[in-house]
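Chain order of the listed sequences is V and S. Using this note's numbering, the letters of the first sequence correspond one by one to residues 242 to 511. Using this note's numbering, the letters of the second sequence correspond one by one to residues 7 to 309. First the structure, in the form of structure tokens, and then the observations on it.
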Amino acid sequence: MKSTKATLITGATWIIAVTYFFPVAWMFINSFKTENDAASLTPKFIFTPTLEGFSRLADRGMVDYLTNSLMASVISTALVLLLAIPAAYALSVRPIVKVQDALFFFISTRFMPAAASILPLFIIFKNLRVLDNIFALSLVYAAMNLPIAIWMMRSFLSEVPHEVIEASRIDGANFETELWSVVLPIVLPGIAAVALICFIFSWNEYFFSVLLTSANAKTTPPFLASFVDGRGQFLAVLSAASTVAALPVILAGWFAQKQLVRGLAMGAVK
Amino acid sequence: MASGTKIEQQAKSATKEKFLPRKLIAPALIFSIALTQVPFLVTIYFSLREWNLLKPQEKAFAGIDNYIYVFKTGDLLPAIIATVGLTAFSVVCSLLVGLFFAVLLDRKFRGQSIARTLIITPFLIMPAASALIWKFSMFDTNIGIINFVVQKLGFSAIGWSTQYPYISVIILLTWQYAPFMMLILLSGLQSQSREVLEAASVDRAGVLRTFAFITLPHLRQYIEIAILLGTIMLLQAFDPIAIMTKGTGGTKTLAYLLYERAFVGMNVGQAAAYGVVTVILTIIVATISLRSLFKVFISGVSK
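As structure tokens, then:
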């Protein structure tokens with residue numbers, strides 16, 4: 242009796258999981274179709290697969306946009322780590338007074354809508370002639386991800402056993418040694434989680450990229466929308482582009498689910 | 007003499023010690039202020055000026071004219087309602103769906119981790135790609151899968167993103183964010199003490215009673231965190247609106263309205279005024295929710 246019920250629930254769970262995943266699977270399937278097959282009124286599950294959609298991506302210069310995305314994500318993530326690790330260290334291992342105020346400030350900047358800063362950024366960038374510049378965009382992404390990174394980093398750092406740090410201090414380790422050879426190796430998995438999440442947020446970002454870049458520095462998300470041209474059929478090529486754009490993050494997320502949860506809950510969930 | 011230098015050194019390293027935390031946090035603080043707070047101050051300044059990018063010669067001091075315009079045209083209230091409504095509905099829907107998934111996945115069964123992997127994928131997909139895929143392969147009147155199913159069931163096709171843009175955006179956002187809620191709630195469920203649950207089942211407390219009186223109170227902290235983080239992310243959702251509905255049918259949020267004013271209408275002054283109003287509203291909402299939920303966070307972090 243009990244096992245039948247369990248089987249039923251398991252079956253239902255599987256049906257729900259597969260249905261929930263379906264739009265992603267459909268995108269993947271559509272990316273291997275010809276435009277005619279993709280636009281069929283009766284959804285086609287059996288068809289002759291083609292790489293036509295993918296080869297059209299190359300013609301449209303998708304590699305350049307992917308490169309831009311990669312650069313913006315890597316540069317901003319590196320910058321975020323550089324700023325966040327010392328700051329989080331100051332907030333956890335060597336707490337200063339008003340830790341809560343500092344934390345509150347950082348998290349509140351994340352609440353601040355992009356609307357608050359986009360206009361001046363646009364105009365300042367324009368005047369400095371760095372509109373449509375991948376480094377300028379990276380700076381914005383770093384500012385966007387910094388609060389989250391500090392929060393996550395702080396929670397990872399606060400897990401470092403105090404005895405370890407005390408011991409290194411008694412051994413006369415100065416601050417640099419303490420940070421580099423005692424603390425950082427312990428929190429390396431945490432740093433990887435923070436880096437992954439910052440990378441994902443930058444890779445997927447749309448709003449700033451649409452507004453602050455055009456021909457040279459445009460990243461992948463705004464490029465996707467360019468396949469929608471109103472006339473003609475575009476679902477196959479759009480699906481191919483979306484698959485290529487989404488795949489890196491999907492794979493990274495699949496393999497790092499645990500770190501993702503810890504990081505995204507910003508350490509509030511153990 | 008030797009001991010004197012030692013004391014000096016100690017005193018020196020003590021002051022160094024004292025200022026070290028500040029030195030460590032300063033770069034992050036300065037960077038953050040330079041890229042978020044300073045631009046906001048500039049936005050306030052812009053909002054007091056008459057400035058249209060199409061008429062660069064006619065810059066002038068406008069006083070509160072832009073604000074009068076913002077409150078008079080009547081775009082503001084609908085935008086506030088759209089922002090709050092879309093955020094609230096999406097947070098609640100994704101929380102409920104996420105809770106449902108978390109309960110399903112908390113059981114041990116064959117392939118559990120694969121099922122979980124399938125379910126979290128929508129959260130990982132690039133939001134712009136999700137919006138496009140849903141618009142053109144799910145919601146589309148002619149070739150959309152949903153309409154194919156709807157028609158098979160004997161109804162006529164529905165123009166989801168054109169006829170029901172509001173619901174379409176909520177469906178899309180829920181699909182994207184429910185996995186996120188699920189991940190947080192699932193780790194909450196898994197941190198439950200097995201003994202308490204076993205005791206409950208020995209006492210013949212029903213499944214529903216156990217859930218309502220033991221699991222839910224235990225999950226409370228996790229639910230609060232999920233709501234807080236979900237609100238932060240969903241308040242800023244721009245992609246689905248820009249891509250799927252272009253602000254039609256009650257989906258013109260503050261962010262989209264500002265975008266329209268600034269980058270389509272080219273009116274910097276007015277757009278900045280919208281920006282300032284948006285920030286003030288966000289601060290009000292954020293302070294209320296942050297202050298109440300912040301306690302949870304601090305207690306969770308500093309154990």
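Think of the CB as a built atom: it goes at the ideal place given N, C-alpha and C, for glycine as much as any other residue.
Tell me the rounded alpha-carbon separation between residue 96(S) and residue 175(S).
9 Å
For residue 266(S), name the three-state secondary structure that DSSP assigns.
helix
Quick one: which chain S residues come within Cβ less than 9 Å of residue 495(V)?
123, 126, 127 and 130
Which full runs of the alpha helix (DSSP H) of 4+ residues lie inside the segment 50-89 of chain S, going along the chain?
71-78
Proximal residues to residue 255(V) (C-beta, below 6 Å), its chain only, five neighbours per side dropped
none
Can you have a look at residue 292(V) and say buried or exposed, based on whether 16 or more other CB atoms are within 10 angstroms of its CB?
exposed
When you compare only the Cα positions, how much space is there between residue 251(S) and residue 370(V)?
32 Å
Give the residues from the segment 228-249 of chain S that approach chain V closer than 8 Å (Cβ to any Cβ), ordered along the chain.
228, 231, 235, 238, 241, 242, 244, 245, 248 and 249
Have a look at residue 309(S) and residue 408(V) and give me their C-alpha separation to the nearest angstrom.
Confidence at residue 309(S) is low in this model, with a pLDDT of 36, below 50, so its placement is unreliable and the value that follows should be read with caution. Cα to Cα, residue 309(S) sits roughly 21 Å from residue 408(V).
Which class does residue 457(V) belong to by DSSP, given the choice of helix, strand or coil?
coil
Determine the burial state of residue 214(S): buried for a count of at least 16 other Cβ atoms within 10 Å of its Cβ, exposed for fewer.
exposed
Counting only C-beta atoms, is residue 353(V) closer than 8 Å to chain S at any point?
yes
Between the alpha carbons of residue 449(V) and residue 250(V), how many angstroms are there, rounded?
44 Å
Could you name the residues of chain S that residue 498(V) contacts, counting a contact when the two beta carbons are closer than 9 Å?
119, 122, 123, 126 and 189
Can you list, in chain order, the residues of its chain with a C-beta nearer than 8 Å to that of residue 363(V)? Leave out the 5 residues immediately preceding and following it.
372, 452 and 453
Output, in chain order, the set of chain S residues within a Cβ distance shorter than 9 Å of residue 267(V).
139, 143, 144 and 151
Can you tell me which of 280(S), 260(S) and 245(S) puts its alpha carbon nearest to the alpha carbon of residue 137(S)?
245(S)
Does the segment 124-132 of chain S come close enough to the segment 278-297 of chain S that 3 or more CB-CB pairs lie under 8 Å?
no
Applying a beta-carbon distance threshold of less than 8 Å, which residues of chain S neighbour residue 374(V)?
Here the premise fails: no neighbours, minimum Cβ distance about 15 Å.
How would you list, in chain order, the residues of chain S whose beta-carbon sits under 8 Å from the beta-carbon of residue 309(V)?
Near residue 309(V) there are no residues of chain S at all, since even the closest Cβ is about 14 Å away, more than 8 Å.
Identified DSSP bridge partners for residue 273(S):
58(S)
Beta-carbon within less than 7 Å of residue 268(V)'s beta-carbon, same chain only, minus the 5 sequence neighbours each way: which residues are those?
480, 483 and 484
Taking 8 Å as the threshold (beta carbon to beta carbon), is residue 281(S) in contact with chain V?
yes
Beta-carbon within less than 6 Å of residue 186(S)'s beta-carbon, same chain only, minus the 5 sequence neighbours each way: which residues are those?
129
Whole angstroms are fine: how far does the CA of residue 43(S) sit from the CA of residue 278(S)?
14 Å
With three or more beta-carbon pairs closer than 8 Å as the criterion, would you say the segment 70-83 of chain S touches the segment 141-157 of chain S?
no
Inter-residue Cα distance where the pair is residue 432(V) and residue 149(S):
44 Å
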